[in-house]
Amino acid sequence: MPSDPVLLVHGGAWAIPDDMVEAHLNGVRGAIAAGWQVLQQGGAALDAVEEAVVVMEDDETFDAGRGSFLNRDGKVQLDALIMDGATLRAGGVGCVERIANPVRAACKILSDSPHVYFVAQGAEQFAAEHGIPLCKNEDLIIPREVERLREFQARAAEQNQDLFAPAISHDTVGAVALDRDGNIAAATSTGGTLNKAPGRLGDSSLIGCGCYADNRTAAASTTGWGEPIMKLVLGKWAADRVASGSLPEWIAAEAINYLESRVNGHGGIILLDARGRFGIAHNTPRMAWGLKTVAQEEIGIERKP
Ligand code: ASP
Numbered sequence: 016m017p018s019d020p021v022l023l024v025h026g027g028a029w030a031i032p033d034d035m036v037e038a039h040l041n042g043v044r045g046a047i048a049a050g051w052q053v054l055q056q057g058g059a060a061l062d063a064v065e066e067a068v069v070v071m072e073d074d075e076t077f078d079a080g081r082g083s084f085l086n087r088d089g090k091v092q093l094d095a096l097i098m099d100g101a102t103l104r105a106g107g108v109g110c111v112e113r114i115a116n117p118v119r120a121a122c123k124i125l126s127d128s129p130h131v132y133f134v135a136q137g138a139e140q141f142a143a144e145h146g147i148p149l150c151k152n153e154d155l156i157i158p159r160e161v162e163r164l165r166e167f168q169a170r171a172a173e174q175n176q177d178l179f180a181p182a183i184s185h186d187t188v189g190a191v192a193l194d195r196d197g198n199i200a201a202a203t204s205t206g207g208t209l210n211k212a213p214g215r216l217g218d219s220s221l222i223g224c225g226c227y228a229d230n231r232t233a234a235a236s237t238t239g240w241g242e243p244i245m246k247l248v249l250g251k252w253a254a255d256r257v258a259s260g261s262l263p264e265w266i267a268a269e270a271i272n273y274l275e276s277r278v279n280g281h282g283g284i285i286l287l288d289a290r291g292r293f294g295i296a297h298n299t300p301r302m303a304w305g306l307k308t309v310a311q312e313e314i315g316i317e318r319k320p
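Below, the structure is given as structure tokens:
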């Protein structure tokens, strides 16, 4: 069914400090511009979410692509998933260390592989064989993050620090879109949590957890403390409730309430259905988000209920 396009993006939900607000707003603005260009020209929701996420992976502000948080060993390990609501095809990569734009690799898996998910060297090999350039892990590491990890590990050694306090993380990026053909799609990309154990995979790239899309229900992308989100399979939980008739606006808020009340989690979600109805919610002090429809463009750092 022909539709007016809609695009929503997020750039992480946490206590984004005042001096980083502008960079986050610029980042989501750039992502909206890239995704909207695709939608405006009649392109697919799938391509729009890929392009929007690539912009934020390339932006060192966010915990995705270059500039991501470092794991315990001082390496960048990236996870990403993309999903097409029209066909339910999905592609995901986990724990990749040599791909600057993991969402591109995820998209190649979606389009060119009978499989849905590749990890580590196997994912890198698949990407290289499908024309995606590999880089060195050092190319993804920036001095700010080396310093952040050093400080964190020094403090953690001194005191029993809460690894997942919202002040420390979470800067994952994501997008959901509706195109002119009435199809929806979602994509999420992350460097995961600061000081994570090598090989640790979060919610972001797990189908139904950090990312989900089905034309019959909704497209969702989450950010926040991954382990609680995974336990609730929150993206699919929210999408399924939209199918039962409730407004995405309410379901997004309900999903975050459920996350907090059931498993003491924190984070944020963007949700969009194939009718163009959407929801944005978070229980962290801030979440960078952007929204574009034919009638409006809004960028924010906090979403009041
Ligand atoms: N959800 C991500 C993870 O746990 C972190 C984030 O959203 O920034 O890997």
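In our numbering, the protein residues as written are 16 to 320. Backbone N, C-alpha and C fix where the C-beta goes; we use that ideal spot for every residue, glycine too.
As a beta-bridge residue in DSSP terms, Cys226 pairs with Ile222, Ser236. For Glu37, the secondary structure class from DSSP, reduced to helix, strand or coil, is helix.
Pairing Asp186 with Arg301, the inter-Cα distance amounts to about 11 Å. Taking C-beta atoms under 8 Å as the contact rule, Leu40 and Ile314 qualify, at a distance of about 5 Å. Minimum Cα-Cα distance from Gln56 among the listed residues Asp194, Cys150, Gly239 corresponds to Asp194.
If you check the CB distance, Val24 and Gly58 do not come in under 9 Å. Under DSSP, Met302 forms a beta bridge with Ala28. One Cα belongs to Asp154, the other to Arg81, and the distance between them is close to 7 Å. Here Leu249 really is in contact with Thr237; their C-beta atoms are around 6 Å apart, less than 8 Å. Its chain contains Val68, Glu72, Ala79, Ala95, Pro117, Val118, Val188 as the residues whose beta carbon lies nearer than 6 Å to that of Ser204, once the 5 sequence neighbours on both sides are disregarded; these appear in chain order. Of the candidates Arg87, Leu125, Ile157, the residue whose Cα lies closest to the Cα of His145 is Leu125. Out of Ala121, Gln140, Ser259, Ala233, the CA that lies nearest to the CA of Leu22 is found in Ala233. Secondary structure note for Ala172: its alpha helix (DSSP H) is the uninterrupted segment 158-173. For Gly282 and Asp127, the gap between their C-alpha atoms comes out near 32 Å. Here the distance from the Cβ of Lys211 to the nearest heavy atom of ligand 1 is below 8 Å.
Residue range 105-111 is occupied by the beta strand (DSSP E) that includes Ala105.
Between the alpha carbons of Ala258 and Ile244 lies a distance of about 20 Å. It is roughly 23 Å from the alpha-carbon of Lys123 to the alpha-carbon of Arg215.
According to the DSSP assignment, Leu61 belongs to the alpha helix (DSSP H) that extends over 60-73.
Only buried fits Ala192, as 16 or more other CB atoms lie within 10 angstroms of its CB. As for any alpha helix (DSSP H) of minimum length 4 sitting wholly inside the stretch 87-152, the runs are 117-127, 135-144, ordered along the chain.
Within the chosen limit of 8 Å, ligand 1 reaches the beta carbon of Thr238 through at least one heavy atom. At least one heavy atom of ligand 1 falls within 8 Å of the beta-carbon of Asp78. The criterion of a C-beta distance shorter than 9 Å is not satisfied by Ala28 and Ile97.
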